[in-house]
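Visitor:
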Amino acid sequence: MSRLEVKNLTQTFNQKNTALRVLDGLNFSVDDGQFVALLGPSGCGKSTLFNIVSGLLVPDTGEIYLNDERIYGNTGDFAYMQQKDLLLPWRTVLRNSRRTPEYREVEAQQRLAQLGLSGFENSYPMQLSGGMRQRVALVRTLLFRKEILLLDEPFGALDAMTRTVMQSILLDIWSENRQTVLLITHDVEEALLLADKIYVLTARPATLKAEVPVPLPRPRNITDTSLIRLKKELLTLLQVEMSKVFDAG
Numbered sequence: 001m002s003r004l005e006v007k008n009l010t011q012t013f014n015q016k017n018t019a020l021r022v023l024d025g026l027n028f029s030v031d032d033g034q035f036v037a038l039l040g041p042s043g044c045g046k047s048t049l050f051n052i053v054s055g056l057l058v059p060d061t062g063e064i065y066l067n068d069e070r071i072y073g074n075t076g077d078f079a080y081m082q083q084k085d086l087l088l089p090w091r092t093v094l095r096n097s098r099r100t101p102e103y104r105e106v107e108a109q110q111r112l113a114q115l116g117l118s119g120f121e122n123s124y125p126m127q128l129s130g131g132m133r134q135r136v137a138l139v140r141t142l143l144f145r146k147e148i149l150l151l152d153e154p155f156g157a158l159d160a161m162t163r164t165v166m167q168s169i170l171l172d173i174w175s176e177n178r179q180t181v182l183l184i185t186h187d188v189e190e191a192l193l194l195a196d197k198i199y200v201l202t203a204r205p206a207t208l209k210a211e212v213p214v215p216l217p218r219p220r221n222i223t224d225t226s227l228i229r230l231k232k233e234l235l236t237l238l239q240v241e242m243s244k245v246f247d248a249g
């Protein structure tokens, strides 16, 4: 079981002697095995949220609960794929995948093949495109075999065609293992194609604006009437928040 609850999170940073509130009483929950997407304007605090959940950052106030137990700091319960691939430049693709407590080379080879990286096992990060580096980072994240995956724009560096393929592969992996997944994305269509539920965050300081269920069978097609309706709803919510960003600027 891996039910996650975020309660009343607030976070403020000091920026040029000015207090910058990033999160403001944020609350939400994720059930065991759910695939949840987070949408919100750029800079609203989504990555900060993941840093807090994973234990990299201590919030000003608020609590994180995992299976009804409050957790503190780095618990080892999460596999966190950040926006930057964080590959070690002196290690090959295969050796970068080995940054896991219980490394399994056969599984690593299988995952690399699954994500279109066969033949690049002995290549170094500098020899890879940005999208390929992101795929290596995803392999490394999956090899941690954690019950909860935190994915911060995992496909942001990919071209549209590769992105579509990777979305399908991620769904296959999720269907196979039923891990709990939290996905940060700026792509409304990606959220609709992948998630069971979408949380929309407000402009900074982020709080929860809306919870939008996506109770549709997979695989989904973005041209379906139901998804088009949900897309319109989400875009309307996001446009309101984006207007706040530009008005503030």
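When the sequence shown is numbered by the UniProt record's numbering, its final residue is 249 and no position is left out of the sequence of numbers. Just so it is clear, CB atoms sit at the ideal spot from N, CA and C, and this is done for glycine as well.
To the nearest angstrom, how far is it from the Cα of residue 207 to the Cα of residue 16?
Guide: Here the question's residue 207 lines up with position 207 in the sequence shown. Here the question's residue 16 lines up with position 16 in the sequence shown. Cα to Cα, the separation comes out at about 24 Å.
Visitor: Counting contacts by CB-CB distance shorter than 7 Å, is residue 32 in contact with chain C?
Guide: Considering every chain present, this structure includes no chain C. It has just one protein chain.
Visitor: Cα-Cα, which of 38, 80 and 40 is closest to residue 315?
Guide: Because the chain here runs from 1 to 249, residue 315 falls outside it and cannot be looked at.
Visitor: Would you mind reading off the limits of the alpha helix (DSSP H) that contains residue 36?
Guide: In the sequence shown, counting from the first residue as 1, residue 36 sits at position 36. Element bounds for residue 36: not the alpha helix (DSSP H) but the beta strand (DSSP E), 35 to 39.
Visitor: When every heavy atom of the ligand NAD is checked, does at least one fall within less than 6 Å of the C-beta of residue 149?
Guide: Here there are no bound small molecules, and the ligand NAD is not part of this structure.
Visitor: What residue ranges within the region 168 to 231 form continuous beta strand (DSSP E) runs of no fewer than 3 residues, ordered along the chain?
Guide: Runs found: 180 to 184, 197 to 201 and 208 to 213.
Visitor: In the DSSP assignment, what residue or residues form a beta bridge with residue 124?
Guide: To locate residue 124, count along the sequence shown from 1; it is residue 124. Note: residue 124 sits in no beta bridge, so no partner.
Visitor: Enumerate in chain order the residues of its own chain whose CB-to-CB distance from residue 141 is below 7 Å, with the five nearest sequence positions on each side excluded.
Guide: Your numbering for residue 141 matches position 141 in the sequence shown. Hits under 7 Å: 79, 81 and 149.
Visitor: If I'm right that residue 52 touches residue 11 with Cβ under 8 Å, what's the distance once you round it to whole angstroms?
Guide: Walking along the sequence shown from the start, residue 52 turns up at place 52. Walking along the sequence shown from the start, residue 11 turns up at place 11. About 7 Å separates the two Cβ atoms, so the contact holds.
Visitor: Going by alpha carbons, who is nearest to residue 77 out of 24, 3, 27 and 134?
Guide: Residue numbering aside, residue 77 sits at position 77 when the sequence shown is read from its first letter. Answer by Cα proximity: 3.
Visitor: Taking just the CA atoms, how far does residue 136 sit from residue 209?
Guide: For the purposes of this step, residue 209 is taken as residue 209 along the sequence shown, with counting starting at 1. For the purposes of this step, residue 136 is taken as residue 136 along the sequence shown, with counting starting at 1. So the two alpha carbons sit approximately 34 Å from each other.
Visitor: Could you check whether the region 155 to 162 touches the region 18 to 31, counting it as contact only if at least three pairs of C-beta atoms, one from each stretch, sit closer than 8 Å?
Guide: Counting Cβ pairs under 8 Å, fewer than three are found: no touch.
Visitor: Which of helix, strand or coil does DSSP assign to residue 130?
Guide: Against the sequence shown, residue 130 aligns to sequence position 130. Looking at residue 130 - three-state DSSP - the assignment turns out to be helix.
Visitor: For residue 235, which of helix, strand or coil comes out of DSSP?
Guide: In the sequence shown, the residue the question calls residue 235 occupies position 235. Correct three-state label for residue 235: helix.
Visitor: Within 10 angstroms of the Cβ of residue 235, are there 16 or more other Cβ atoms? Answer buried if so, exposed if not.
Guide: Within the sequence shown, residue 235 is the residue found at index 235, counting from 1. Classification for residue 235: exposed.
Visitor: So, under 8 Å CB-CB, residue 188 and residue 39 are touching, yes? Tell me the CB distance rounded to an integer number of Å.
Guide: Position 188 of the sequence shown, counted from the start, is the residue given in the question as residue 188. Position 39 of the sequence shown, counted from the start, is the residue given in the question as residue 39. At roughly 7 Å, the Cβ-Cβ gap stays under 8 Å, so residue 188 and residue 39 are in contact.
Visitor: Enumerate in chain order the residues of its own chain whose CB-to-CB distance from residue 134 is below 8 Å, with the five nearest sequence positions on each side excluded.
Guide: Walking along the sequence shown from the start, residue 134 turns up at place 134. Around residue 134: 85, 154, 155, 156, 157 and 158.
Visitor: Quick one: residues in its chain with C-beta nearer than 8 Å to the C-beta of residue 168, no 5 flanking neighbours on either side, listed in chain order?
Guide: For the purposes of this step, residue 168 is taken as residue 168 along the sequence shown, with counting starting at 1. Closer than 8 Å at the Cβ level, and outside the excluded window around residue 168, lie 219.
Visitor: Taking 7 Å as the limit between beta carbons, can you name the residues of its chain near residue 24, skipping five residues before and five after?
Guide: By 1-based counting over the sequence shown, the position of residue 24 is 24. Here the set comprises 10, 205, 206 and 207.
Visitor: What distance in whole Å lies between the Cβ atoms of residue 203 and residue 35, which are believed to be in contact at a cut-off of 8 Å?
Guide: Residue mapping note: residue 35 aligns to position 35 of the sequence shown, counting from 1. Residue mapping note: residue 203 aligns to position 203 of the sequence shown, counting from 1. 25 Å between Cβ atoms; not a contact.
Visitor: Identify which residue in 123, 59 and 243 has its Cα closest to the Cα of residue 45.
Guide: What you label residue 45 is simply residue 45 of the sequence shown in a count that begins at 1. Nearest C-alpha to residue 45: 59.
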